[in-house]
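Notes follow the structure.
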Amino acid sequence: MVAKVKIATAWLDCCSGCHMSFLDLDEALIGLADAIEITASPITDIKEFSPVDVGIIEGAVSTTHDEEVARNLRANCRILMVWGDCACFGGICTMRNLFSKEEILRRSYIETESTKNGKIPSSEDLPPLLEQVKPVNQVVKVDCYVPGCPPSSEAIHYALTELLEGRIPVLPSEIMRFD
Amino acid sequence: MTRKIVIEPVTRVEGHGKVTIHLDDKGNVAQARFHVTQVRGFEKFCEGRLFWEMPVITARICGICPVSHHLASAKAGDAILGVKLTPTAESLRRLIHMAQIVQSHALHFFHLASPDLIFGMDADPTKRNVMGLIAEMPELAEKGIKIRAFGQKIIEALGSKRVHPIAAVPGGMNKALSLDEGDNILKQIDEVITDCQFAVDLIKNYYAQHGEEVTDFADFDTGYLGLIDDNGNVEYYDGKLRLKDSKGITIEDSVAPEDYLSIIEEKVEDWSYLKFPYYKKFGYPAGIYRVGPLGRLNVADGCSTPLANREFANFKKLGGSGVVSGSLYYHFARLIEMLNAAEEIKSLVQSEIIYSKDIWVNSRQINDEGIGVIEAPRGTLIHHYWVDTSGKIRRVNLIVATGHNNLAMNRAVYNVAKEFIKGGEVAEGILNQVEVAIRCYDPCLSCSTHALGHMPLEIDIYSSDRNICRRLRS
Chain A
1 MVAKVKIATA WLDCCSGCHM SFLDLDEALI GLADAIEITA SPITDIKEFS
51 PVDVGIIEGA VSTTHDEEVA RNLRANCRIL MVWGDCACFG GICTMRNLFS
101 KEEILRRSYI ETESTKNGKI PSSEDLPPLL EQVKPVNQVV KVDCYVPGCP
151 PSSEAIHYAL TELLEGRIPV LPSEIMRFD
Chain B
1 MTRKIVIEPV TRVEGHGKVT IHLDDKGNVA QARFHVTQVR GFEKFCEGRL
51 FWEMPVITAR ICGICPVSHH LASAKAGDAI LGVKLTPTAE SLRRLIHMAQ
101 IVQSHALHFF HLASPDLIFG MDADPTKRNV MGLIAEMPEL AEKGIKIRAF
151 GQKIIEALGS KRVHPIAAVP GGMNKALSLD EGDNILKQID EVITDCQFAV
201 DLIKNYYAQH GEEVTDFADF DTGYLGLIDD NGNVEYYDGK LRLKDSKGIT
251 IEDSVAPEDY LSIIEEKVED WSYLKFPYYK KFGYPAGIYR VGPLGRLNVA
301 DGCSTPLANR EFANFKKLGG SGVVSGSLYY HFARLIEMLN AAEEIKSLVQ
351 SEIIYSKDIW VNSRQINDEG IGVIEAPRGT LIHHYWVDTS GKIRRVNLIV
401 ATGHNNLAMN RAVYNVAKEF IKGGEVAEGI LNQVEVAIRC YDPCLSCSTH
451 ALGHMPLEID IYSSDRNICR RLRS
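For the record, the sequence lines run as chains A and B.
Using the numbering used here, the letters of the first sequence correspond one by one to residues 1 to 179.
Using the numbering used here, the letters of the second sequence correspond one by one to residues 1 to 474.
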């Protein structure tokens, strides 16, 4: 039996929709299970990255913790693929760049109408926000991009099977989209 | 000397989180906290957008239940326009919402939670996930995948995409349902209903085999909140709010969703980006309540469809004359709802009204405020917008399902930690047990921190001098 290709995935500032699109492969997941092994990932219980063939990131970089996760996964993978508009370009997460982080936090934790005696959470147990949300390639080198909000499961399947065949995927225009 | 334990990241839940446990001088649990470590900022950055755009922007709060935000947002938009939907538009919204209940509950049970129940909470972590389920129990995995796909395909038919569909607009829907699409749904529906009943039976067998492990697991007193219809049945799309206390006594009934601020307030804790809603009259933290499947079934008098209603009666028996309070019963409630939603889909698609092309109403009115409330898969979801005369958003307030359960998830973690840590001895298996407790609530942390974000799990154990003495990651 050929060794399975090892994959690790992470999600940063995002909605998890790209991982949902991966699960939307439905029955095709069953076929992929013979070819890939998912190690550390939000959909498994393996929490530490170890060396893998392919790293996958969904989501933009919004906190110091997101930066650490991106660097850690990059250091552990041969090829880094990013899924979705947030990871590729910053996506909807970058709407917060139109405001200062103080304005964002003040609205959420002090001003909202249902909030009583609010304050801005600042315990050492929470990662601080960066001033600006960034796409992944502003923090680490990215080898391949699968845009879309989210990319369709067809696009994700195409990208994975190209990688399994040893090619860097270039999405055909029928399955490439940005919404 | 006290100690602190940390679990990070919490996995197989949606979003970013970690757990810290503080021990006292005797090595017993002094405090356990579930921290949500992501913030996103929707409540601020939507300011200045047109309310028409909100159903598409706010769907991006969550990739698991985008339809909930999409619909709550469209309902807030309906209120701003001051319109009442056509019967067809309302049926179509109910259809896409039921499809989402089916797909989201299937995802949670089969893809995320069932590996704990099937393989055991202490099983090898490399197997204890959906890929392991596919390898070891392909028939079960296939059923789960098929149920979820059924829901996702209905969402795609109505909104052109499975995740972040474009279906609802303020005033109605974007697209009608064709007879062919309806036929396609009807061809599969009986098999899906059978499979949903199979899932209910599966969890009942699990409970029968595990006795006290189930009844005593993270069992504690809280209030319960959910929407109900005019007959007192569980309601997901519309309806009135009902709140029961820990004994099952109704303390708020027929509350119009627009009056949510009269019963709910939120507290901010320094150590979590997720706020803590509570029942205003009881104060914080005594006003703890739970939402989602367990909350909805506890406040309701029945389910709208026959098979689900039969299981509802079985569920009620578990609570005697009061309420069902064990956290692991969330799974039972969730699967009864999945069955309920599948049966609802059948009756919606069999009705003639859903095929009309009369799907949108116009309005020249722009009210300065709109509130949309629905029951998302994980619980009550509130979107509240204030707009200027041109319809530009001035302010946004969001209370999301997982937020309501924040106090309860913290209580669940505390209860489990106390069981597993005694006299400084940390029993093996605590990591996943704590995660199992959190996973009962199917938390959606990107959702709940629309404000900011996400959740993987790590437990840090802190000693009384506040040094980390142990960090657990699987």
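Note that the Cβ used here is the ideal one computed from N, Cα and C, for glycine as well.
Per DSSP, B/R411 is not a residue of any beta strand (DSSP E); the alpha helix (DSSP H) it occupies stretches across 406 to 420. No Cβ of chain B is located within less than 7 Å of the beta carbon of A/F22. The C-beta separation of B/I374 from B/T86 comes to about 18 Å, leaving the pair out of contact by the 8 Å criterion. In this structure, B/V436 sits away from B/M137, with a CB-CB distance that is not shorter than 7 Å. Listed along chain B, the residues sitting closer than 9 Å to A/C18 by beta-carbon distance are G63, V163.
The C-beta distance from A/V140 to A/L98 rounds to 25 Å, too long to meet the 8 Å contact threshold. Neighbourhood of A/E154 in chain B, by CB distance below 9 Å: empty, with the nearest CB roughly 11 Å away. Relative to the Cα of B/G17, the nearest Cα in the group B/A176, B/K26, B/H35 belongs to B/H35.
Proximity to B/C440 across B/L261, B/G429, B/R411, B/E425 peaks at B/R411, based on C-alpha coordinates. Pairwise C-beta distances place the stretch 290 to 310 of chain B out of contact with the stretch 412 to 427 of chain B, as fewer than three of them are shorter than 8 Å.
In the structure shown, A/I43 falls within a coil segment according to DSSP collapsed to helix, strand and coil.
By a beta-carbon distance limit of 8 Å, B/M131 does not contact A/I120. Their separation comes to about 40 Å.
When the beta-carbon positions are compared, B/V192 and B/I147 come within less than 7 Å of each other. The DSSP-derived three-state label of B/F34 is strand. Going by beta carbons, B/S91 and B/I353 fall inside the 7 Å limit. When secondary structure is reduced to three states using DSSP, A/F99 falls in the coil class, being assigned neither helix nor strand. Only H65 from the stretch 65 to 76 of chain A bring a Cβ to less than 7 Å from some Cβ of chain B.
Residues R148, G151, Q152 of the same chain have their beta carbon placed closer than 6 Å to that of B/Q103, with the five preceding and five following residues left out of the count. Of all C-beta pairs linking the stretch 221 to 233 of chain B to the stretch 289 to 300 of chain B, three or more are shorter than 8 Å, placing the two stretches in contact. Within the same chain, Cβ atoms closer than 6 Å to the Cβ of B/E181 are found at A157, the five residues on either side in sequence being excluded. With a beta-carbon spacing of about 28 Å, A/L130 and A/T44 fall beyond the 8 Å limit used to define contacts. In this structure, B/I203 lies near B/F332, with their beta-carbon atoms less than 7 Å apart.
Under the Cβ criterion (8 Å, minimum of three pairs), the stretch 57 to 66 of chain B does not count as touching the stretch 340 to 350 of chain B. The beta carbon of B/Q365 does not come within 7 Å of any beta carbon belonging to chain A, so the residue lies off that interface.
For the options B/I382, B/R395, B/W271, B/I371, the alpha carbon positioned closest to that of B/V19 is the one of B/W271.
Shown here for B/K422: same chain residues with a beta carbon closer than 8 Å to its own, the five before and five after excluded, namely G27, N28 in chain order.
Below the 7 Å Cβ cutoff, chain A contributes no neighbours of B/F282, its closest Cβ being approximately 13 Å away. Residue state for A/D13 is assigned as strand, using DSSP reduced to three classes. For B/E181, the enclosing alpha helix (DSSP H) begins and ends at 179 to 215.
A residue is called buried once 16 or more other Cβ atoms fall within 10 Å of its Cβ, and A/I110, having fewer, is exposed. In the three-state DSSP reduction, B/T250 falls in the strand class (E or B). A Cβ-Cβ distance of about 7 Å is found for the pair B/G292 and B/Y330, placing them in contact under the 8 Å criterion. In this chain, B/H108 is not harboured by any beta strand (DSSP E), its DSSP state being neither H nor E. For A/K116, at least one C-beta of chain B is nearer than 7 Å to its own C-beta. Rounded to whole angstroms, the Cβ separation of B/S325 and B/F220 is 7 Å, and the two are in contact under 8 Å.
Residue pairing by DSSP places B/F282 opposite no residue, since no beta bridge is assigned to it.
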